[in-house]
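Colleague:
Residue numbers (my numbering), protein chains in the order written: chain A, 3 to 41; chain B, 31 to 533.
(1) DSSP three-state label for residue 523 of chain B, please.
(2) Can you check DSSP and say which residues form a bridge with residue 296 of chain B?
(3) Pick out whichever of B:496, B:172, B:296 and B:218 has its Cα sitting closest to the Cα of residue 197 of chain B.
(4) Can you list, in chain order, the residues of the segment 10 to 24 of chain A whose Cβ is nearer than 9 angstroms to any Cβ on chain B?
(5) For residue 46 of chain B and residue 205 of chain B, what's the separation of their Cα atoms in angstroms?
(6) With distances taken between CB atoms, is the gap from residue 258 of chain B to residue 104 of chain B smaller than 8 angstroms?
(7) Quick check on DSSP: helix, strand or coil for residue 88 of chain B?
(8) Taking only runs of the alpha helix (DSSP H) that begin and end inside the segment 477 to 504 of chain B, which ones reach a length of at least 4 residues, in chain order?
(9) Measure the alpha-carbon distance for residue 339 of chain B versus residue 404 of chain B and round it to whole angstroms.
(10) Taking contact to mean 3 or more Cβ pairs, one atom from each stretch, closer than 8 angstroms, check whether the segment 112 to 126 of chain B and the segment 353 to 371 of chain B are in contact.
(11) Using the three-state DSSP reduction, which class does residue 457 of chain B fall into: helix, strand or coil?
(12) Name, going along the chain, the residues of the segment 220 to 239 of chain B whose beta-carbon falls closer than 8 angstroms to a beta-carbon of chain A.
(13) Distance cutoff 8 angstroms, beta carbons only. Does residue 258 of chain B sit that close to anything in chain A?
(14) Please classify residue 484 of chain B as buried or exposed, where buried requires at least 16 neighbouring CB atoms within 10 angstroms.
(15) So, does the CB of residue 278 of chain B fall closer than 8 angstroms to a CB anywhere in chain A?
(16) What would DSSP say about residue 277 of chain B, mapped onto helix, strand or coil?
(17) Between which two residues does the alpha helix (DSSP H) containing residue 130 of chain B stretch?
(18) Can you give me the C-alpha to C-alpha distance between residue 125 of chain B and residue 223 of chain B, rounded to a whole angstrom?
(19) Determine, using beta carbons only, whether residue 359 of chain B and residue 184 of chain B come nearer to each other than 8 angstroms.
(20) Under 8 angstroms between beta-carbons, which chain A residues line up against residue 312 of chain B? List them in chain order, please.
(21) Does DSSP put residue 429 of chain B in a helix, in a strand, or in coil?
(22) Distance, Cα to Cα, residue 508 of chain B vs residue 143 of chain B?
(23) Cα-Cα, which of B:166, B:138 and B:169 is closest to residue 156 of chain B?
(24) Rounded to whole angstroms, what's the CA-CA distance from residue 353 of chain B to residue 167 of chain B? Just pull it up for me.
(25) Alpha carbon to alpha carbon, how far is residue 442 of chain B from residue 486 of chain B? Give it in angstroms, no decimals.
(26) Is there at least one Cβ from chain A nearer than 8 angstroms to residue 59 of chain B's Cβ?
(27) Kindly list the residues whose CB is nearer than 8 angstroms to the CB of residue 475 of chain B, restricted to its own chain and excluding five residues on each side of it in sequence; keep chain order.
(28) Mapping the DSSP letters down to three states, classify residue 406 of chain B as helix, strand or coil.
(29) How many angstroms separate the CA atom of residue 422 of chain B from the CA atom of residue 495 of chain B?
(30) Which residues of chain A have a Cβ atom closer than 7 angstroms to the Cβ of residue 112 of chain B, listed in chain order?
(31) Residue 273 of chain B to residue 77 of chain B, Cα distance in whole Å?
(32) If you measure beta-carbon to beta-carbon, which residues of the segment 141 to 156 of chain B are closer than 7 angstroms to chain A?
(33) Assign residue 409 of chain B to buried or exposed, taking buried as 16 or more other Cβ atoms, counted over all protein chains shown, within 10 Å of its Cβ.
(34) Whole-angstrom Cβ separation of residue 42 of chain B and residue 372 of chain B, contact assumed at under 8 angstroms?
(35) Cβ of residue 85 of chain B within 8 angstroms of Cβ of residue 303 of chain B?
(36) Closer than 8 angstroms is the cut-off here; do at least three beta carbon pairs connect the segment 378 to 393 of chain B with the segment 237 to 250 of chain B?
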């Protein structure tokens, strides 16, 4: 794969990672708050 | 400057402690029996399961070693994250190991060894498991202390690494002994959210200083194709990439006890599989985001305008390890650095508590328990686990001071962990999926898998094997272990069949 190909792949993975941290954190926080509120 | 950093550090630390205490209020149950103490009552839902899987496997050590890899190898270090995504995604997609292991109903993993291979394999397997795991966590404390001290030193705070080590480990021991697995999991949720926020804020703030395009140009200029292509990078190559798919992916998710134990705590098999599938993107992120911080640190100190080169040079051979915390300390305002320091501390605690509890509970329940006949004695089990937690913590202090290996931290972790997982993967997979597996095969697999210890750099040097890469030694150890497992099982199975015929 060319260097540009690698750059595209790693850039995509970087944004996927940042998005994953953000989304999963929000999901976990909302579910946890939901459980606490129900109790 | 140091005054405002200290002030914010005090405020954020206080807020953190209050939040942890609130999270615990009325929930840490110390009298709920062995099931409550060891596997948190086996009642985890999806959200909690993902958070505890993520928080356990993202420690300050994870941030430090990935940042070091990113600093040294550039973007090509991201392949470790991709390997983790592939490996963990595979585990989640088919429930590999985690689903049938949850079905067994055991409280600890060596208990499965007893179910499948007998009591002596449980004890021997538990010793190998704990030995690999405890060696593996030997550098956690030292690396965390060096990282935090370097970060705060830039703001003028003169933090003694040894005193910080004692403080950190004392906090972790008190907290882990307090409420067992329930205590560990409750705080994992809070810590996961906090450390994710800390990492994302750091990335956003720093990419304003060093944009992605500029970081790419600097890495390209200084590291060439090896800074992007892991197959062209001299430190990696094909065998390393394959080794990572196994270690950072399949083993980290499905074989490594701190992660696999979480499967035992989840309420049902379907939730186990879904939790692992979703967590696969966290396994990607835990490698890629810190490695990107390392890439940014490399760029930061190579722009010629942002990071003073002499700051890095003064740390000699530790420069690659402290480059990221030095950048964080140098680039960020005091309040943000203080928030990040507390988030880093949270990430240290979330891993440290899980690891301390995991190895101590295995030694107490699966080594001392069967030997002294106290497997079902609740008081003896809790007391034994707590005493062993303290002993492991003291060892960690000692190991942090004496170990002088030459490998990167991640490579040390992979090698020390392989002492367990080279035979662990054979016993778990073979025991769950092959009906013909027997006690003799398991014994031979455990003995032969131990050969992975050769890859530890002091032993490698002593044996004159410096030219052989750690992945090659690791694959060879797994091959030997598998061979022993198959031949041992077949020979015992044949012997047993002959005896049956004669009878």
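Where a beta carbon is used, it is the ideal one built from N, C-alpha and C, also for glycine.
It should be emphasised that the depicted structure is a prediction, and the values quoted were computed from it without experimental measurement.
Modeller: Inspection of the coordinates gives the following:
(1) Numbered from its first residue, the second chain carries residue 523 of chain B at position 493. Reduced to three states, the DSSP call for residue 523 of chain B is helix.
(2) Locating residue 296 of chain B in the second chain gives position 266, counting from the first residue. Assignment of beta-bridge partners to residue 296 of chain B by DSSP yields B:74.
(3) Residue numbering aside, residue 197 of chain B sits at position 167 when the second chain is read from its first letter. Check the Cα spacing between residue 197 of chain B and each of B:496, B:172, B:296 and B:218: the tightest is with B:172.
(4) Going along the segment 10 to 24 of chain A in chain order, one finds 11, 12, 13, 15, 16, 18, 19, 20, 21, 22, 23 and 24 with a Cβ nearer than 9 angstroms to chain B.
(5) Taking the first residue of the second chain as 1, we reach residue 46 of chain B at position 16. Taking the first residue of the second chain as 1, we reach residue 205 of chain B at position 175. If I take the Cα positions, the gap works out to 14 angstroms.
(6) Numbered from 1 along the second chain, position 228 holds the residue referred to as residue 258 of chain B. Numbered from 1 along the second chain, position 74 holds the residue referred to as residue 104 of chain B. Yes, the pair counts as a contact, with Cβ atoms nearer than the cut-off.
(7) Here the question's residue 88 of chain B lines up with position 58 in the second chain. It is coil, neither helix nor strand.
(8) Listed in chain order, they are 487 to 492.
(9) For this step, residue 339 of chain B is matched to residue 309 along the second chain. For this step, residue 404 of chain B is matched to residue 374 along the second chain. When only Cα atoms are considered, residue 339 of chain B and residue 404 of chain B end up about 58 angstroms apart.
(10) The segment 112 to 126 of chain B makes no contact with the segment 353 to 371 of chain B: fewer than 3 CB pairs, one atom from each, lie closer than 8 angstroms.
(11) Here residue 457 of chain B corresponds to residue number 427 of the second chain, with the count starting at 1. Residue state for residue 457 of chain B is assigned as helix, using DSSP reduced to three classes.
(12) Flagged, chain order: 222, 223, 226, 227, 229, 230 and 233.
(13) By one-based count along the second chain, residue 258 of chain B stands at place 228. Output row for residue 258 of chain B: interface = yes.
(14) Counting from one through the second chain, the residue named residue 484 of chain B turns up at place 454. So residue 484 of chain B ends up on the buried side.
(15) Here residue 278 of chain B is taken as the residue at index 248 of the second chain, counted from 1. Output row for residue 278 of chain B: interface = no.
(16) Against the second chain, residue 277 of chain B aligns to sequence position 247. Residue 277 of chain B: helix per DSSP, three-state reduction.
(17) Within the second chain, numbered from 1, the residue matching residue 130 of chain B stands at position 100. Taken as a continuous stretch (DSSP letters only), the alpha helix (DSSP H) holding residue 130 of chain B covers 128 to 134.
(18) As a first step, residue 125 of chain B is located in the second chain; it is residue number 95 there, counting from the start. As a first step, residue 223 of chain B is located in the second chain; it is residue number 193 there, counting from the start. Cα to Cα, residue 125 of chain B sits roughly 26 angstroms from residue 223 of chain B.
(19) Translated into positions along the second chain, residue 359 of chain B becomes position 329. Translated into positions along the second chain, residue 184 of chain B becomes position 154. The Cβ atoms of residue 359 of chain B and residue 184 of chain B lie closer than 8 angstroms to each other.
(20) As a first step, residue 312 of chain B is located in the second chain; it is residue number 282 there, counting from the start. Per Cβ cutoff of 8 angstroms: 22, 23 and 26.
(21) Translated into the one-based positions of the second chain, residue 429 of chain B becomes position 399. Residue 429 of chain B falls in the helix class under three-state DSSP.
(22) Here residue 508 of chain B is taken as the residue at index 478 of the second chain, counted from 1. Here residue 143 of chain B is taken as the residue at index 113 of the second chain, counted from 1. The straight-line gap from Cα to Cα measures roughly 18 angstroms.
(23) In the second chain, residue 156 of chain B corresponds to position 126, counting from 1. Closest by C-alpha distance to residue 156 of chain B, out of B:166, B:138 and B:169, is B:138.
(24) One-based indexing of the second chain puts residue 353 of chain B at position 323. One-based indexing of the second chain puts residue 167 of chain B at position 137. Between residue 353 of chain B and residue 167 of chain B, the C-alpha separation is close to 22 angstroms.
(25) Numbered from its first residue, the second chain carries residue 486 of chain B at position 456. Numbered from its first residue, the second chain carries residue 442 of chain B at position 412. Approximately 7 angstroms, taken between the alpha carbons.
(26) In the second chain, counting from the first residue as 1, residue 59 of chain B sits at position 29. Its pLDDT being 49, under 50, residue 59 of chain B is placed unreliably in this model, and the coordinates cannot settle the point.
(27) Your numbering for residue 475 of chain B matches position 445 in the second chain. Hits under 8 angstroms: 453, 456, 457, 460, 511, 512, 514, 515 and 518.
(28) Within the second chain, numbered from 1, the residue matching residue 406 of chain B stands at position 376. Looking at residue 406 of chain B - three-state DSSP - the assignment turns out to be coil, as it is neither helix nor strand.
(29) For this step, residue 422 of chain B is matched to residue 392 along the second chain. For this step, residue 495 of chain B is matched to residue 465 along the second chain. Residue 422 of chain B and residue 495 of chain B have their C-alpha atoms roughly 30 angstroms apart.
(30) As a position in the second chain, residue 112 of chain B is number 82, starting the count at 1. Within 7 angstroms Cβ-Cβ: 15.
(31) Position 243 of the second chain, counting from 1, holds the residue named residue 273 of chain B. Position 47 of the second chain, counting from 1, holds the residue named residue 77 of chain B. Straight-line Cα distance between these residues: approximately 30 angstroms.
(32) From the segment 141 to 156 of chain B, no residue has a Cβ closer than 7 angstroms to chain A.
(33) Taking the first residue of the second chain as 1, we reach residue 409 of chain B at position 379. Looking at its Cβ environment, which holds fewer than 16 other Cβ atoms inside 10 Å, residue 409 of chain B is exposed.
(34) Working through the second chain from its first residue, we reach residue 42 of chain B at position 12. Working through the second chain from its first residue, we reach residue 372 of chain B at position 342. With 8 angstroms as the limit, residue 42 of chain B and residue 372 of chain B qualify as a contact, their Cβ atoms being about 4 angstroms apart.
(35) For this step, residue 85 of chain B is matched to residue 55 along the second chain. For this step, residue 303 of chain B is matched to residue 273 along the second chain. In this structure, residue 303 of chain B does not lie closer than 8 angstroms to residue 85 of chain B by Cβ.
(36) Result no; under three Cβ-Cβ pairs closer than 8 angstroms.
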